[in-house]
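Residue numbers (my numbering): 201 to 683.
Ideal placement from N, C-alpha and C gives every residue a C-beta, glycine not left out.
Nothing here was measured: the structure is a model prediction, and the numbers come from that model.
Heads up, the thing below is written out as structure tokens.
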Amino acid sequence: MDKTHASCEGYGIWGGGHKATLHRGSSHANNKACVALSVYQPSSFPSTLNQHQINAFSHFQQYLAKKIPGVFESGFWSKLVLQASVQEPAVLHSVIALAACQAGNERLALNNYNRAIIELRQHLTCNTKYALRFTLITCMLFTCLELVRGERKASEIHLQNGLRLLSDLQSRTPRLRVASSKNVITLTQHTETSDDCIVEAFTRLNVQSALFGQGSTFLYELGDDPRKGVSKYSTASNFSTVTEARQHLDFFMNGVLWLSSQGDSLTQEGKKITNDLHRKRRILESSLDHWMVALQSSPFARSPNVGGDIQTRFGIRILRIYHTMIKIMVATCLRGKDEMIYDRYIPDFTSLLQQVWELWTQAAVEFGTIHHVNSFTADLGYIPPLYYTSLRCRDPNLRRIAIDLLAKAPHSEGAWDGRLASVIAKKVMDIEESNIYQGYEMKAGVIEPLNIRGSLLPTVPAPARINSIAIIPDPTERYKNVK
């Protein structure tokens, strides 16, 4: 499979091979995105599928469709992909390829990957919203397939091309046309339509990729907000679901990453950070505080029954971890070349690690050990916060705890592989620390969250700190999980 690298950009806009569409019951299929709620029935398998393909699809339906989205609900994975598999052979074969690859059957994965490409190329002349939707669904499946294979560069190409196609799709929707022309992707407050599901899947994975250092050229905005004249980062007094709270946090992450990139560009050009950027940073900081108040005031967070809802309970914990990380990111995003600023937030890094450790131990109790090879999720987990801590927290003890936990991560999260991230973080740590702790026994050791604390040793001096780290995938190397 090493030589197969498909790029959505090279395929054009594909149409569907069947007359059925995602818009059942609508006479305006190309102008309106309707709710995708139909359930995939086993009898819908095309007669041309062999038993190996059927087994792979069943593996996707029974395991991957639940595993990939993580603890947050996703209409894309739970409904839309399964429904589209019935309607479009390209989607069906992409699903089979992804499931086969995750299960370790590379021959089956390669055959169906190629079959999906062939099916899609038959419809190059079709340029409709219907065709765009199927293109985007397949593009997301290809992105995840390359991530499971360990092909980071190929997956990033798919993702960025998909985002461009997504912007094109939104430009064809009258209420979103202005936003899309500005390289802005609009998120709806509530995921209801097939288009909403597609947008959610791409924006979630894009945030993950941007956190890994691959960058993002797209800004997000929240649409359908009836409150006029308020800051675009404003939140309501509470959230109706964990998924809604998470969507707002994604919005903040995208905002701080964009703000950081603007500040870095000015710093590299030797220019002063503008007052406008400082103003936007303060707005983000205040909005994050309001977000936490809204989360704590939400019915699902205050409900006495939340303890019995594993998905909600874990979702809240993950969001709290990311809130802690984003607070540090917002506070430091316009730092210029001042890496010493991170020492002010050692208590926050300590809190972050305590939260991750609690989540880690609770997950082990609830779910046990992960046995699947190439265990993969496309959503938020604890790898990005640990990686961020291991790079930016220069306390020697906290840093080693973060790297140690990264090395033990049993799965991949989007572009993130825990073991690969730990290797990168350790390399950066070794370069920065050099010989400053020579003669000391340096190792990570923690039994329970309350034992996570900083060291009495000095932190890395300013001249030794690395300001910027870029992850450049080597096209000759494959990074993937091993047994």
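Residue from L369, I516 and T393 with nearest C-alpha to I385: Nearest option by C-alpha distance: L369.
Would you give the residue range spanned by the alpha helix (DSSP H) that S634 belongs to? Neither: S634 is in no alpha helix (DSSP H) and is coded neither H nor E.
Give every residue of the same chain whose Cβ lies closer than 6 Å to the Cβ of R427, excluding the five residues on either side of it in the sequence, and list them in chain order. In this prediction, R427 scores a pLDDT of 39, lower than 50, which makes its location untrustworthy; the coordinate-derived value is nonetheless stated afterwards. Result list for R427: empty, nothing under 6 Å.
Per DSSP, which residues does D617 bridge with? Please list them. S612
Spatial neighbours of H259 within its chain, please: C-beta separation below 7 Å, excluding the five flanking residues on both sides. A299 and A303
Where A290 and L345 are concerned, what is the direct C-alpha to C-alpha distance, given to the nearest angstrom? 14 Å
Measure the C-alpha to C-alpha separation of A670 and V442 and round it to an integer number of angstroms. 32 Å
Taking DSSP's pairing of strands, which residues face F576 in a bridge? S612
Would you call R600 buried or exposed, if buried means 16 or more other Cβ atoms sit within 10 Å of its Cβ? buried
Return the residue from the list V271, N597 and K266 that minimises the CA-CA distance to I516. V271
Unbroken alpha helix (DSSP H) run spanning T443, endpoints: V442 to Q468
Kindly indicate which three-state DSSP category N312 falls into: helix, strand or coil? helix
According to the Cβ coordinates, are I398 and I337 closer than 9 Å? yes
By the three-class DSSP mapping on this structure, what secondary structure does Y263 have? Reduced to three states, the DSSP call for Y263 is helix.
Assigned exposure category for V565 - 16 Cβ within 10 Å defines buried: Of the other Cβ atoms in all chains shown, fewer than 16 fall within 10 Å of the Cβ of V565; this residue is therefore exposed.
Reducing DSSP to helix, strand and coil, say where Y582 ends up. It is coil, neither helix nor strand.
CA-to-CA distance, V530 to W458, given in whole angstroms: Straight-line Cα distance between these residues: approximately 11 Å.
Among T512, C301, V281 and I318, whose alpha-carbon lies nearest the alpha-carbon of M340? V281
Alpha carbon of E319 to alpha carbon of P596, nearest angstrom: 54 Å
Flag this pair as yes or no: are the beta carbons of S655 and A625 separated by less than 9 Å? no
Would you check if the distance between the CB atom of S668 and the CB atom of D464 is smaller than 9 Å? yes
Contact between the region 548-560 and the region 518-525 (3+ Cβ pairs under 8 Å): yes
Cβ neighbours of M540 in the same chain (closer than 7 Å, five flanking residues each side left out): Answer for M540: A662, listed in chain order.
Compute the beta-carbon to beta-carbon distance between I546 and C593, rounded to the nearest angstrom, for a pair I have assumed lies under 8 Å. I546 to C593, Cβ: 7 Å. Contact.
Counting C-beta neighbours from all protein chains within 10 Å, is the total for Q360 16 or more, i.e. buried, or is it exposed? buried
Buried or exposed, going by whether 16 or more other CB atoms sit within 10 Å of the CB of N635? exposed
Helix or strand or just coil, what does DSSP make of P269? coil
Going by CA-CA distance only, name the one from P585, F257 and N311 that's closest to I518. Taking only the C-alpha atoms, the option nearest I518 is P585.
Return yes when the Cβ of F257 is within less than 9 Å of the Cβ of L754, no when it is not. The requested residue 754 is not part of the displayed model; the chain covers only 201 to 683.
When the distance is taken between beta carbons, is Y313 closer than 9 Å to F334? no
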